[in-house]
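S.K.: For reference, the structure I am asking about is given below.
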Amino acid sequence: MSWFYPFLQAVLDGILTGSLYALIAMGMALIFGVMRIVNFAHGAFLMLGMYATWVIFEYGHVNPYFGFLAAGALLFAIGAAVYAGLVRHIPVQAEFMIILLTLGVSLICVDTVLLVFGADYHQLNFPLLGKNFRLGSQISLNAPWLISFGIALLAAAGLYLFVMRTMFGRAARAIAQNPYSAPLMGINIHRVQAVTFGLGAAAAGIAGGLLLPVFYLYPDVGHLFNLKSFLMVVMGGMGSIEGAAAAGLVLGVVESLTSLYWGNEWALVVDFVIFILVLSFRPSGIFGSQRA
Amino acid sequence: MSDHGNPPLLEMNEVEAAYGDFQALFNITLTVNRGEIVTLIGANGAGKTTTLRVISGLLRSKRGTVKFQGQEISKTPVHEIVARGISHVPEGRQLFPYMTVEEHLVLGAYVDRTRPKIPRLLEEQYAMFPRLKERRKQAAGTLSGGEQQMLAIARGLMSEPKLLLLDEPSLGLAPKLVDEVFQKIQQIGEKGVTVMVVEQNVVDGLSVSSRGYVVENGAILLQGASSDLLNNAQVRAAYLGL
C-alpha cells in the first residue's frame, strides 16, 4: 500500500488545482459559447486579476481572500469595455480579425503591466501560506489552496446557476443557439454580449486573485493559462461551461499525477498530448456536444 | 389621415431595401389596420420575407418610411421594436435547439412589459396549444415540424404583440397540420391580435385573411380584399395555375 497515499495526495492536490482551472476555463467557454470568440486575452485577464489582488495586498494590506472580489469587479469592467469598445465593431464573420484583436489586447495588458510593475517575480507573504491541513498521518493539504478551492467552487457554481437559471442566462444561451432569432425575443444582443464578455473576464480575474496566494506573479504569467484554458474549452466541448469545468478538474488531476510519476517538467507535455488526441479523435469534446 | 386621429397600425411607404448590392425591395407601400389579418402572397424571391425583415428591423431599409402606431421605426433597434409590440415569427421557425419548450416561451416574454405576466401568458399559450403543454420539458430540437411551428407561434405571442408577423407558417408541414396552423391564425385574429402573414400557400393564406397584397419583384403588384384576389384572373393564373 505504499503507493496509495502518494497517489491519493496527488489526486487531491490535482483537484485543488483543477478547481481554479475549471473557473478559468468556464470564463473562456462562456465567451466562446455565446459569441464564438476564442478570447486570447483570457490569460492576460487572469494576470490582471493577480496583479490587482497583489497591488491591494501590498499597498492596501487587504487579504487576497477579499481582494479577489475587487479583481473580479475590475475585470468585469475591463471585459465589458473591451467588448463595447472593440469586439462589437468587428463583423461576426471576421474570425481571424477577432483572434488578432484579442491577441492585441493581451499584448497591451502584458506590456502595460511590464512597464508599470517591471518584470520581477513576486510572491505573497502572509502567515496562512505555510499552514497545512492534515487528513490522517499521510495526507496534508495546503491551507491557502483549500480556501482557493472552496471559493473557486462557489464562484463556478454561481456562474453556472446564473447562466442556467436567470433570464439573463437564458438570453445569453439564446444568442449562443440562434443569434439570428435572439433579437426577435426583444434581447438587446450587444448589451447581453457585453455583460457575457465581462462575466467571462471576471471569472479569469477571480481565478487570478485566488491563484495569487499559491503561485508566483510576473507579467507573462497568463500565457500558460491561455493555452491551458483553450485546451480545456476544446476538451469540454466548445462552449459548454459545465464541460469546461469538468475538463479543468481532469486536467488538474492529470498534471498532478504526471508530476508525481514522471516529474513536473512533463506536465505540460502530457497536457498537449491530450489536446492533440482530443482534436484528432473527439473534436467536439469529451464531455459533451457543442452548446452553451 | 395618418398623422392624426387613429393612424393605421402599420404603414409602409415606398420602402426600398437591399442585401449589399442586391436590391430586394423597390417600392413597398402597404397598410395594416388594427384587428385585421393581412396576407402577403408572391413567388419565391419576390420580397415577402424581406418586407417582414424590414418591419421587424432585422434589415434596414434604404429609403421610404415604416410607421408603427404613427411612429417611424425604420431606425429603431430590433429589440425595441419587439418591446413596442411587433413580434416576428421568422421563416423556418428559428428555434433554440437545446432549450425546452417552456424556456422558449419564457424567453418570448423577455421584454420588460411582459416579464411580470409570464405565468398567465404561459397558461394562455398552453390553453391554445395543448401539445406544447404535454412537451413543455422537451428540447425544441426533438419536436416534430408541426409542433415546432406551433412553438414558434406561441413564443411570438408571449410578448403580447399588437402586430404578429408570420413568415410562411405552413412551410414544410403535412396538409393536416397546415389546416391546424391556419385555424390557430384565425383564433389569434379573433383574440384581437393584428396578423400579417406571408404565404406561398395562396388559397389558405387568402382564405384566413380579410385583405391581401401580391408582391412581385420587390414591389406591390396588386392589392384588395382577399375574396377579390382569390377570384382575380391574374392571381389565379400566376399562383393557382388556373
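Chain order of the listed sequences is A and B.
Per my numbering, the very first residue in the first sequence carries number 1; after that it's consecutive.
Per my numbering, the very first residue in the second sequence carries number 1001; after that it's consecutive.
By construction, the Cβ of each residue, glycine as well, lies at the ideal position given by its N, Cα and C atoms.
These numbers were taken from a predicted model, which means no experiment stands behind them.
#1: Check each candidate in B:1120, B:1008 and B:1118 and name the one with the smallest Cα separation from residue 1069 of chain B.
#2: How many angstroms separate the CA atom of residue 111 of chain A from the CA atom of residue 44 of chain A?
#3: Taking DSSP as the reference, what is the three-state secondary structure of residue 1001 of chain B?
#4: Would you call the CB atoms of residue 186 of chain A and residue 1083 of chain B closer than 7 Å?
#5: With 16 other CB atoms within 10 Å as the buried threshold, where does residue 177 of chain A fall?
#6: Is it buried or exposed, residue 1142 of chain B, if we count other Cβ atoms within 10 angstroms and call 16 or more buried?
#7: What are the residues of the stretch 167-186 of chain A that lie near chain B, defined by any Cβ-Cβ distance shorter than 9 Å?
#8: Whether or not the stretch 60-69 of chain A and the stretch 204-221 of chain A are in contact is what I'm after, with contact meaning three or more pairs of Cβ atoms, one per stretch, closer than 8 Å; do they touch?
#9: Report buried or exposed for residue 116 of chain A, applying the criterion of at least 16 other Cβ atoms within 10 angstroms of its Cβ.
#10: In the DSSP output, what is residue 1019 of chain B paired with across the bridge?
#11: Per DSSP, which residues does residue 1199 of chain B bridge with? Please list them.
#12: Identify the continuous beta strand (DSSP E) that holds residue 1167 of chain B and give its terminal residues.
#13: Which of the three DSSP states, helix, strand or coil, is assigned to residue 1091 of chain B?
#14: In the stretch 1046-1069 of chain B, which residues sit with their C-beta less than 9 Å from some C-beta in chain A, listed in chain order?
#15: Where do the N-terminal and C-terminal ends of the beta strand (DSSP E) with residue 38 of chain A fall, by residue?
#16: If we count the other Cβ atoms within 10 Å of its Cβ and call it buried at 16 or more, is residue 1206 of chain B buried or exposed?
#17: Run through the DSSP bridge pairs and tell me what residue 1028 of chain B is partnered with.
#18: So what's residue 290 of chain A in DSSP terms, helix, strand or just coil?
#19: Using DSSP with H/G/I as helix, E/B as strand and the rest coil, what is residue 226 of chain A?
#20: Residue 1076 of chain B by DSSP, collapsed to three states: which one?
#21: Reducing DSSP to helix, strand and coil, say where residue 135 of chain A ends up.
#22: Please tell me whether residue 124 of chain A and residue 133 of chain A are closer than 7 Å, where the distance is taken between their beta carbons.
#23: Name, please, each residue of chain B whose Cβ falls closer than 7 Å to the Cβ of residue 188 of chain A.
#24: Pop quiz: residue 1235 of chain B and residue 1214 of chain B are said to be a contact at Cβ under 8 Å. What is the actual Cβ separation, rounded to whole angstroms?
#25: For residue 1282 of chain B, decide whether its Cβ has a neighbour in chain A, counting only Cβ atoms nearer than 7 Å.
#26: The beta strand (DSSP E) that contains residue 104 of chain A, what's its start and end?
#27: State the Cα-Cα distance for the pair residue 1035 of chain B and residue 1189 of chain B, rounded to the nearest angstrom.
#28: Using the Cβ count rule (16 or more neighbours within 10 Å means buried), how would you classify residue 131 of chain A?
#29: Using 7 Å as the limit for Cβ to Cβ distance, is residue 1002 of chain B near chain A?
#30: Whose CA, out of B:1153, B:1218 and B:1011, lies closest to the CA of residue 1124 of chain B?
#31: Measuring CA to CA, which of A:96, A:254 and A:175 is closest to residue 272 of chain A?
#32: Please check if any C-beta of chain A sits within less than 7 Å of the C-beta of residue 1024 of chain B.
#33: Taking 7 Å as the cut-off, decide whether the C-beta atoms of residue 234 of chain A and residue 244 of chain A are in contact.
#34: I need the straight-line Cα distance from residue 283 of chain A to residue 237 of chain A, nearest angstrom please.
#35: With 7 Å set as the bound, which would you pick, yes or no: does the beta-carbon of residue 1111 of chain B sit closer than that to a beta-carbon of chain A?
#36: Mark residue 1164 of chain B as exposed unless 16 or more other C-beta atoms lie within 10 angstroms of its C-beta, in which case mark it buried.
M.R.: With the structure as the only source:
#1: B:1008
#2: 10 Å
#3: Any reading at residue 1001 of chain B must be qualified, since the residue scores a pLDDT of 46, below 50, and its modelled position is unreliable; the value itself is stated next. If DSSP states are grouped into helix, strand and coil, residue 1001 of chain B belongs with coil.
#4: yes
#5: buried
#6: exposed
#7: 167, 170, 171, 173, 174, 176, 177, 178, 180, 181, 182, 183, 184, 185 and 186
#8: yes
#9: exposed
#10: B:1022
#11: B:1041
#12: 1163-1167
#13: coil
#14: 1056, 1057 and 1058
#15: Counting along the chain, residue 38 of chain A falls outside any beta strand (DSSP E), and DSSP gives it neither H nor E.
#16: buried
#17: B:1015
#18: Because the pLDDT of residue 290 of chain A is 48, which lies under 50, any placement of that residue in the model is unreliable, and the question is left without a value.
#19: helix
#20: coil
#21: strand
#22: no
#23: 1079
#24: 6 Å
#25: No information on residue 1282 of chain B is available, as it lies outside the stretch 1001 to 1242 that chain B covers here.
#26: No beta strand (DSSP E) contains residue 104 of chain A, which is instead part of the alpha helix (DSSP H) from 95-117.
#27: 7 Å
#28: exposed
#29: With a pLDDT of 45 at residue 1002 of chain B, under the threshold of 50, the modelled position of that residue is not reliable, and the figure given next carries that caveat. No - not a single Cβ of chain A is within 7 Å of the one on residue 1002 of chain B.
#30: B:1153
#31: A:254
#32: no
#33: no
#34: 8 Å
#35: yes
#36: buried
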